[in-house]
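Step one of this worksheet: look at the structure below.
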Ligand code: KMH
Ligand code: ZN
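In the numbering used here, the protein residues as written are 27 to 299.
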């Protein structure tokens, strides 16, 4: 069986410390949480940062501090968010790539996001794709709804993203695609040959869709950005606890856990070197 790449999305832009007291928000907390997830088996850390008040920000210096701090302590793959939060403009969102991370997210369409709108029109998406390519940063294409797959194929035909493409299916955001395994099957079948994919299920779907992805040969994203509970009514103690659980399940299914080095090979992260 192909090794499974586990991504830990440890912060996000929406969850608060009131909702999840173990949410890392300061640079040092984010770095420590990233290292703990790496030690538990994560190969990729999906990174957002927070300001001194705990609010989401795309501040370039905070991203630099976090990415450099993680790199001093381990070789886990750093993947910064270019999504930020729904109230942010394009220029603000793109600041996260200035620290030259290993990867960055790229969402290929606009979608309702709860009460907000996650705005990604064609001009923004093309600009982001070009900037990632100029910086030699490999994108992970975030798919919140089916039309975004079509838009990703358009970027591919324009030469703005290139094979092999890594997709992340973000499923169960209110207003976006439901966390229905049938939708996952359809999307996986629609991918270009050689693509890799992971699934990020919201809330209780994080575990169920993660297990389905393990069985299908896909990769898995866990962490507080998408889910703060260990089980119904019981908060997770840490991001690493969620990583450790999916590691145990993967091992039961005979899926080896990809090291960061293996994940770099699987995702062709050295394609621009
Ligand atoms: N916070 C969401 C509006 C990403 O990281 O690229 C967008 C998001 C996606 O989290
Ligand atoms: Zn994110």
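We treat Cβ as the ideally placed atom computed from N, Cα and C, and that holds for glycine.
Residue i versus residue j - alpha carbon distance
| i | j | result |
| --- | --- | --- |
| residue 33 | residue 253 | 13 Å |
| residue 270 | residue 256 | 11 Å |
| residue 78 | residue 52 | 7 Å |
| residue 100 | residue 64 | 8 Å |
| residue 198 | residue 214 | 16 Å |
| residue 298 | residue 168 | 21 Å |
| residue 146 | residue 27 | 36 Å |
| residue 171 | residue 139 | 11 Å |
| residue 293 | residue 44 | 36 Å |
| residue 208 | residue 196 | 14 Å |
| residue 223 | residue 80 | 31 Å |
| residue 134 | residue 156 | 13 Å |
| residue 248 | residue 226 | 7 Å |
| residue 187 | residue 166 | 10 Å |
| residue 238 | residue 201 | 23 Å |
| residue 71 | residue 115 | 24 Å |
| residue 150 | residue 40 | 22 Å |
| residue 233 | residue 60 | 20 Å |
| residue 111 | residue 144 | 8 Å |
| residue 278 | residue 240 | 10 Å |
| residue 69 | residue 212 | 26 Å |
| residue 176 | residue 246 | 22 Å |
Where the beta strand (DSSP E) through residue i begins and ends
| i | result |
| --- | --- |
| residue 30 | Element bounds for residue 30: n/a, residue is neither H nor E. |
| residue 184 | Residue 184 -> no beta strand (DSSP E), and no H or E assigned at all. |
| residue 300 | An answer regarding residue 300 cannot be provided, because it is not within the stretch 27 to 299 covered by the chain. |
| residue 130 | 129-133 |
| residue 142 | 142-144 |
| residue 247 | 245-248 |
| residue 106 | 103-106 |
Any non-hydrogen atom of the ligand KMH closer than 7 Å to residue i Cβ
| i | result |
| --- | --- |
| residue 89 | no |
| residue 112 | yes |
| residue 60 | no |
| residue 301 | It is not possible to answer for residue 301, since the shown part of the chain is limited to 27 through 299. |
| residue 139 | yes |
| residue 38 | yes |
| residue 51 | no |
| residue 144 | yes |
| residue 160 | no |
| residue 118 | no |
The alpha helix (DSSP H) enclosing residue i, as first and last residue numbers
| i | result |
| --- | --- |
| residue 55 | 53-66 |
| residue 286 | 286-292 |
| residue 296 | Residue 296 -> no alpha helix (DSSP H), and no H or E assigned at all. |
| residue 207 | 207-215 |
| residue 90 | 86-99 |
Any non-hydrogen atom of the ligand ZN closer than 7 Å to residue i Cβ
| i | result |
| --- | --- |
| residue 35 | yes |
| residue 107 | yes |
| residue 285 | no |
| residue 74 | yes |
| residue 134 | no |
| residue 131 | yes |
| residue 251 | yes |
Test: residue i CB closer than 8 Å to a CB of chain B
| i | result |
| --- | --- |
| residue 48 | Annotation note: the requested chain B is absent from the structure, which comprises a single protein chain. |
Per DSSP, cross-strand counterpart(s) of residue i
| i | result |
| --- | --- |
| residue 197 | 227 |
| residue 257 | 260 |
| residue 273 | The partner list for residue 273 (beta bridge, DSSP) is empty, contrary to what the question assumes. |
Checklist entry - Counting pairs of beta carbons, one from the region 92-112 and one from the region 124-134, are three or more of them closer than 8 Å? => result yes
Checklist entry - Should the region 286-293 be called in touch with the region 262-277, which here means at least 3 C-beta pairs below 8 Å? => result no
Item to check | Segment contact, 8 Å Cβ cut-off, at least three pairs: the region 43-50 with the region 85-101 | outcome: no
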